[in-house]
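I have placed the structure first, in the form of structure tokens, so that the comments after it can refer back to it.
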């Protein structure tokens, strides 16, 4: 064996491995999102039985459904930012596309895409062009909170609000995020008049 060829081959493999790690780890990944998803979904793993059938799903089956029918369907791996992919796809897992695909249209509005309710690779590329992920994530969290407030079960499902808020990104170190002033999230129960 020629020692120069062996050294050259090892250096080439090392360089290629380094390049692969850089490019593969730069995009969003379902494997990074899965632990957070499972933490929110808890027992049953978030599989909606009227859609997926009345059976108990294993963790592996549930993760397959979430990856294949949500993450992959909405191009999760094509997003360059993990937070952007998660805030959007998590809402689709939690609430679906919405009537007339309004949950997708809200995302398209935030990124400045045509609001047709069909997420395309061009939409993902537009989202990827943002320099600051919080410029997408925080407005979409605000949208999610407004959306949940319209649901008839909102008072019973405070976890929806906690889940959505978990995606907020601070804009500046120490800066507090403030929701729109005209929106009341926690329902205030006033005493009845006599």
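In our numbering, the protein residues as written are 64 to 257. We put the beta carbon where it would ideally sit given N, CA and C, even for glycine.
* So what does DSSP say about residue 137, is it helix, strand or coil? -> Locating residue 137 in the chain shown gives position 74, counting from the first residue. Of the three classes helix, strand and coil, the one that applies to residue 137 here is coil, per DSSP.
* Asked: Quick one: is residue 181 near chain C, going by C-beta distance under 7 Å?
  -> No chain C is present in this structure, which holds just one protein chain.
* To do: Measure the alpha-carbon distance for residue 68 versus residue 96 and round it to whole angstroms.
  => For the purposes of this step, residue 68 is taken as the residue at position 5 of the chain shown. For the purposes of this step, residue 96 is taken as the residue at position 33 of the chain shown. Taking the straight line joining both Cα atoms gives about 42 Å.
* To do: Could you have a look at residue 212 and say whether DSSP puts it in helix, strand or coil?
  => On the chain shown, residue 212 is found 149 positions in, with the first residue counted as 1. The answer is helix: DSSP assigns residue 212 an H, G or I state.
* Asked: residue 129 lies in the alpha helix (DSSP H); which residues open and close that run?
  -> Your numbering for residue 129 matches position 66 in the chain shown. Segment 122 to 129, the alpha helix (DSSP H) holding residue 129.
* Leaving out five residues on either side along the sequence, give the residues of the same chain with a beta carbon under 7 Å from the beta carbon of residue 228. => Taking the first residue of the chain shown as 1, we reach residue 228 at position 165. 204, listed in sequence order.
* To do: Rounded to whole angstroms, what's the CA-CA distance from residue 164 to residue 147? Just pull it up for me.
  => As a working mapping, residue 164 is identified with position 101 in the chain shown. As a working mapping, residue 147 is identified with position 84 in the chain shown. Cα to Cα, residue 164 sits roughly 18 Å from residue 147.
* Using 8 Å as the threshold, is the stretch 150 to 158 in touch with the stretch 217 to 231, meaning 3 or more CB pairs across them? -> yes
* Asked: Quick one: what does DSSP say residue 196 is sitting in, helix, strand or coil?
  -> Taking the chain shown and counting its residues from 1, one reaches residue 196 at position 133. In the structure shown, residue 196 sits in coil (DSSP, three-state: anything other than H, G, I, E or B).
* Limits of the unbroken alpha helix (DSSP H) element including residue 191 -> One-based indexing of the chain shown puts residue 191 at position 128. Note, residue 191: alpha helix (DSSP H), 184 to 191.
* CB residue 222 to CB residue 143, shorter than 7 Å? -> In the chain shown, the residue the question calls residue 222 occupies position 159. In the chain shown, the residue the question calls residue 143 occupies position 80. No, the pair does not count as a contact, with Cβ atoms beyond the cut-off.
* Under 7 Å between the Cβ atoms of residue 206 and residue 158? -> Along the chain shown, read from residue 1 onward, the residue named residue 206 stands at position 143. Along the chain shown, read from residue 1 onward, the residue named residue 158 stands at position 95. No; because the gap between Cβ atoms is not below 7 Å, this pair is not in contact.
* To do: Within its chain, find whatever has a CB closer than 6 Å to the CB of residue 167; leave out the 5 residues flanking it on each side and keep chain order.
  => On the chain shown, position 104 is the one that residue 167 refers to. Only 160, 180, 182 meet the Cβ criterion.
* Should residue 103 and residue 130 be called a contact, given that it needs their Cβ atoms to be closer than 7 Å? -> Position 40 of the chain shown holds residue 103. Position 67 of the chain shown holds residue 130. No, the Cβ-Cβ distance between residue 103 and residue 130 is not below 7 Å.
* To do: Inspect the beta-carbon positions of residue 199 and residue 232 and report whether they are closer than 7 Å.
  => Residue numbering aside, residue 199 sits at position 136 when the chain shown is read from its first letter. Residue numbering aside, residue 232 sits at position 169 when the chain shown is read from its first letter. Result no, Cβ atoms of residue 199 and residue 232 do not sit closer than 7 Å.
* Within 10 angstroms of its Cβ, does residue 201 collect 16 or more other Cβ (buried), or is it exposed? -> Taking the first residue of the chain shown as position 1, residue 201 is located at position 138. So residue 201 ends up on the buried side.
* Over the uninterrupted alpha helix (DSSP H) stretch that includes residue 169, give me the two end residues. => In the chain shown, the residue the question calls residue 169 occupies position 106. Element bounds for residue 169: 165 to 174.
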